[in-house]
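With the working numbering, letter number 59 in the sequence shown gets 264, and the count goes up by one each step, no holes.
Where a beta carbon is used, it is the ideal one built from N, C-alpha and C, also for glycine.
Input: a single structure, listed below in structure tokens.
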Amino acid sequence: MALAPTRTLEQAVSKGRPDDDGGALPVRVYHAAMTLRPFHLAFPVHDLAAARAFYGGTLGCPEGRSSDRWIDFDLFGHQIVAHLDPAARPVGLTNPVDGHDVPVPHFGVVLAMEDWQALSARLGEAGVTFGIAPHVRFKGQAGEQATMFFRDPSGNALEFKAFAQDSMIFATEHAVEA
């Protein structure tokens with residue numbers, strides 16, 4: 206999981222669609238142009254050895270620097286840092302999304318569809334318990350996406366998703382072809 210090639214996004218706004226007041230709301234469609242940089246996320250874990258086995262082994266994240274209190278991981282080109290907090294416990298809140306109770310908070314990465322499919326298969330083979338099994342949500346709608354949710358050994362919720370077309374990541378409606 207070395208640093209992936211830089212992906213870019215460019216926002217293009219169409220004439221819009223009418224809102225409830227008869228005005229026009231922009232329809233957002235994204236294309237290549239703005240360079241994205243890796244994000245950094247630090248999160249609590251109650252067991253560093255279990256975090257190392259899960260993120261390094263199960264997810265296949267290369268390990269960066271570490272100490273007896275934290276570990277850096279390369280999560281598909283992004284820097285995540287597991288920090289030891291023996292009292293860390295999951296929050297347990299959810300929000301309903303497309304018929305599922307989505308854990309809040311959660312984090313993850315938007316992958317290319319083939320990478321998402323490979324990760325889904327690898328997690329299934331590793332016996333990972335899915336909180337929300339791999340499936341496609343928002344079928345036939347703007348933002349249709351493959352998604353899956355699961356937890357690390359400390360209970361942190363992760364979501365990995367993929368879109369058939371990256372242009373739909375922030376879409377509020379399907380793009381109209383000219």
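Within 8 Å, strictly: CB atoms of residue i and residue j
| i | j | result |
| --- | --- | --- |
| residue 366 | residue 377 | no |
| residue 362 | residue 354 | yes |
| residue 303 | residue 335 | no |
| residue 253 | residue 287 | yes |
| residue 311 | residue 364 | yes |
Continuous alpha helix (DSSP H) stretch holding residue i: start and end
| i | result |
| --- | --- |
| residue 318 | 318–330 |
Residue range of the beta strand (DSSP E) that includes residue i
| i | result |
| --- | --- |
| residue 376 | That residue, residue 376, is in no beta strand (DSSP E); it is neither H nor E in DSSP. |
| residue 253 | That residue, residue 253, is in no beta strand (DSSP E); its alpha helix (DSSP H) goes 253–256. |
| residue 334 | Careful: residue 334 lies outside any beta strand (DSSP E) and carries neither H nor E. |
| residue 354 | 350–356 |
| residue 359 | Neither: residue 359 is in no beta strand (DSSP E) and is coded neither H nor E. |
| residue 284 | 283–289 |
| residue 272 | First-last for residue 272: undefined, no H or E at that position. |
| residue 306 | 305–309 |
| residue 296 | Segment: none, residue 296 is in no beta strand (DSSP E) and carries neither H nor E. |
Chain-order list of residues whose beta-carbon lies under 7 Å from that of residue i (same chain, five-residue window excluded)
| i | result |
| --- | --- |
| residue 360 | 294 and 295 |
| residue 358 | 252, 255, 256 and 259 |
Distance between residue j and residue i (C-alpha atoms, nearest Å)
| i | j | result |
| --- | --- | --- |
| residue 243 | residue 338 | 27 Å |
| residue 281 | residue 247 | 15 Å |
| residue 301 | residue 307 | 6 Å |
| residue 375 | residue 309 | 20 Å |
| residue 321 | residue 266 | 15 Å |
| residue 298 | residue 305 | 13 Å |
| residue 271 | residue 332 | 27 Å |
| residue 250 | residue 370 | 34 Å |
| residue 329 | residue 368 | 20 Å |
Best match in the options for proximity to residue i [C-alpha to C-alpha]
| i | options | result |
| --- | --- | --- |
| residue 245 | 373, 262 and 276 | 276 |
| residue 289 | 372, 278, 274 and 283 | 274 |
| residue 356 | 323, 283 and 313 | 313 |
Own chain, CB closer than 6 Å to residue i, minus 5 neighbours either side, in chain order
| i | result |
| --- | --- |
| residue 261 | 268 |
| residue 341 | 351 |
Close beta carbons around residue i, own chain, < 8 Å, minus the five adjacent residues each side
| i | result |
| --- | --- |
| residue 284 | 243, 244, 245, 246, 269, 277 and 278 |
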